[in-house]
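Novice:
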Amino acid sequence: MKFLFELLSKHSVSGDESEIARFIFDYVSKRASSWKVRPIVYFGEEFHDCLLLKFGEPKTAVFAHLDTVGFMTRYQNQLITVGGPEVVEGTKLVGKDSKGDISCTILGDDEACFHDFPRGIDRGTRLSFEQNIRLDEEYIQAAYLDNRLGIYNALLLCETLENGWVVFSTYEEHGGGSMPFLLNFIQNEAPIKQALISDITWVTEGVEHHKGVVISIRDKFIPRKSFIDKLIKIAERSTVAFQLEVEAYGGSDGREVQFSPHLIDWCFVGAAEENVHTPDEKVSLFDLECMIRMYRFLMENL
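Residue numbers (full-length UniProt numbering): 1 to 302.
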């Protein structure tokens, strides 16, 4: 869990993913020689803050987004949301501007949101939820499990992956934007026909803690049924616990796969959490373990 705690400590509000992208690049550079297959790494200014790892001869790509929801400072102590964070008065925020570190509290609500920092904060400064990681025998609870757990899963997958892409995208929480470039690059470099979205979904009346990883039949967007049916049949052979999700709302990088000019099947596969987009996101450790095991099985058998 030490590495996961490090991931959870990094700030990466949408549009400001450079710190965590560099952290992951350094991690890959140190660890890749011990993995089953050493990937080709694509990273640098021409990829902005995205990172792509190509293993062997890919048929499938795994996408995990690097960014989180958060807040941006405006004028006269005003805050504007980035993505869809829950705005609750009294919530602690942290960040940094040209004058130093910032720790403040949210005042107001969705209609009018402010901070109480005693000095003016540079315009456009991104603020994140103050991190407070809680771990017991059943759950992990913290800010930004969405999508730090998706990143964690993707990096653990790298240890045994022989063939496939593992791709870390940006901007997902605030409208997307990097995926069209990433998909075009992949299809030009080593084309794929299918994709898995390593992300975190919601606990609902039909999706519960401790029931296994969630395979999403649909959220707001609808993947191709024949691919979902194929994936579920493979999952049934895995002996890994899973549950099926059918929702009318929500989205992920899968949306941009579906809207792209490329015919790529996709499916969202991830653990479910409570308290979405708050400092208190909560995920079952059993479900996280099932997510990790399921990805390894799917990538070997798809």
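Glycine included, every Cβ here is placed at the ideal spot set by N, Cα and C.
All figures in this text were calculated on a predicted structure; none of them were measured in a lab.
Using three-state DSSP, classify residue 131 as helix, strand or coil.
Specialist: Correct three-state label for residue 131: coil.
Novice: Confirm, please, whether the CB-CB distance from residue 93 to residue 106 is below 8 angstroms.
Specialist: It is a contact, given that the beta carbons lie within the stated cut-off.
Novice: Are there 16 or more other CB atoms within 10 angstroms of the CB of residue 194, so buried, or fewer, so exposed?
Specialist: Residue 194 comes out buried.
Novice: So is residue 26 buried or exposed if we call it buried at 16+ other beta carbons inside 10 Å?
Specialist: Counting Cβ neighbours within 10 Å, residue 26 comes out exposed, since fewer than 16 surround it.
Novice: Are at least three pairs of beta-carbons, each pair with one atom in the segment 213-223 and one in the segment 178-186, less than 8 angstroms apart?
Specialist: These segments do not touch.
Novice: For a quick check, are the C-beta atoms of residue 256 and residue 219 less than 8 angstroms apart?
Specialist: Cβ atoms of residue 256 and residue 219: not closer than 8 angstroms.
Novice: In terms of residue numbering, what span does the alpha helix (DSSP H) encompassing residue 76 cover?
Specialist: Where residue 76 is concerned, there is no enclosing alpha helix (DSSP H), given that its DSSP letter is neither H nor E.
Novice: Given residue 138, which residues of its chain have a CB within under 7 angstroms of its CB, disregarding the five upstream and five downstream residues?
Specialist: Closer than 7 angstroms at the Cβ level, and outside the excluded window around residue 138, lie 284 and 285.
Novice: Leaving out the 5 sequence neighbours to the left and right, which residues in its chain are closer than 8 angstroms to residue 227 when beta-carbon positions are compared?
Specialist: Around residue 227: 194, 265, 266 and 267.
Novice: Contact check, residue 281 vs residue 203 under 8 angstroms by CB: the rounded distance?
Specialist: About 10 angstroms separates the two Cβ atoms, so there is no contact after all.
Novice: Hey, residue 188 and residue 56: beta-carbon distance below 8 angstroms or not?
Specialist: Result no, Cβ atoms of residue 188 and residue 56 do not sit closer than 8 angstroms.
Novice: Taking all protein chains shown into account, do 16 or more other C-beta atoms lie within 10 angstroms of the C-beta of residue 270, making it buried, or fewer, making it exposed?
Specialist: Looking at its Cβ environment, which holds 16 or more other Cβ atoms inside 10 Å, residue 270 is buried.
Novice: Measure the Cβ-Cβ separation of residue 301 and residue 232 and say whether it is below 8 angstroms.
Specialist: Not in contact: residue 301 and residue 232 (Cβ atoms no closer than 8 angstroms).
Novice: Compute the beta-carbon to beta-carbon distance between residue 86 and residue 109, rounded to the nearest angstrom, for a pair I have assumed lies under 8 angstroms.
Specialist: About 10 angstroms separates the two Cβ atoms, so there is no contact after all.
Novice: So, do the segment 5-22 and the segment 67-75 have three or more beta carbon pairs nearer to each other than 8 angstroms?
Specialist: Counting Cβ pairs under 8 angstroms, three or more are found: they touch.
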